[in-house]
Amino acid sequence: SDGDGVDNANDKCENTPAGAKVNSQGCWSYNSVDFGFDSTTISEAYAPLFDNAISTLKRNSGLNVQLEGHTDSTGPEAYNQGLSERRAQAVKNHLIENGIAASRLTVKGFGEADPIASNDTAEGRAENRRVGFSITAR
145 SDGDGVDNAN DKCENTPAGA KVNSQGCWSY NSVDFGFDST TISEAYAPLF
195 DNAISTLKRN SGLNVQLEGH TDSTGPEAYN QGLSERRAQA VKNHLIENGI
245 AASRLTVKGF GEADPIASND TAEGRAENRR VGFSITAR
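First residue of the sequence shown: 145, per the numbering used here; consecutive thereafter.
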């Protein structure tokens, strides 16, 4: 048992980091950080998510994070690519400012290429303006 509270028979991620928030299958679960239209500003509403991520990363020095930036499809594709990279960089900067080594963090921008919702509605576009966390072992 990795101590995540999920019994081994149902645990799909056997080596979950100590203290990590997990889903029902025992896998490290983080919501994405969402952004306003054409913005790279991180809302204070994400403080609890960052507090948990930072404390988990500090307790588990063998983990790295790829920060994956995304946009909706409004505007030119090249602009959105840059915006997605700037959003991911904003999250990286926040983690660095809170004690996570830059060498553990990488940034990747997907622009508008990987939507999780339809860009045909305002709600869908809002969901697509995000930075996700992809966790890997060193």
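The C-beta atom is built at its ideal place from N, Cα and C for all residues, glycine as well.
Practice task
Could you name the residues of the same chain whose beta carbon sits closer than 7 Å to that of E229, not counting the 5 residues immediately before and after it, in chain order?
Solution key: Cβ within range, chain order: G213, V251 and G253.
Problem - First and last residue of the uninterrupted beta strand (DSSP E) at T250 - result: Its beta strand (DSSP E) spans residues L249 to G253.
Practice task
Pull up the distance between the alpha-carbon of G180 and that of A191, whole angstroms please.
Solution key: In this structure, the CA atom of G180 is about 16 Å from the CA atom of A191.
Practice task
Would you mind reading off the limits of the beta strand (DSSP E) that contains E212?
Solution key: That run of the beta strand (DSSP E) goes L207 to G213.
Problem - For G276 and Q233, the rounded distance between their alpha carbons - result: One C-alpha to the other measures close to 12 Å.
Practice task
Please confirm whether L227 and S278 have their CB atoms less than 9 Å apart.
Solution key: No, these two residues do not count as a Cβ contact at 9 Å.
Practice task
Out of L207, T215, D195 and V235, point me to the one whose CA is closest to T185's CA.
Solution key: Considering only alpha carbons, the answer is V235.
Problem - Pair within 9 Å by beta-carbon distance, N242 and F194 - result: Against a cut-off of 9 Å, the Cβ pair of F194 and N242 comes out as a contact.
Handout entry: Under 9 Å between C-beta atoms of N272 and T215
Key = Inclusion of N272 and T215 in the CB contact set at 9 Å is warranted, their separation being smaller than that value.
Handout entry: Counted within 10 angstroms of its Cβ, other Cβ atoms place A197 as buried (16 or more) or exposed
Key = Classification of A197: buried, given that the 10 Å Cβ count is 16 or more.
Handout entry: Bridge-paired residues (DSSP) for S278
Key = For S278, which the question treats as bridged, DSSP gives the partners Q210.
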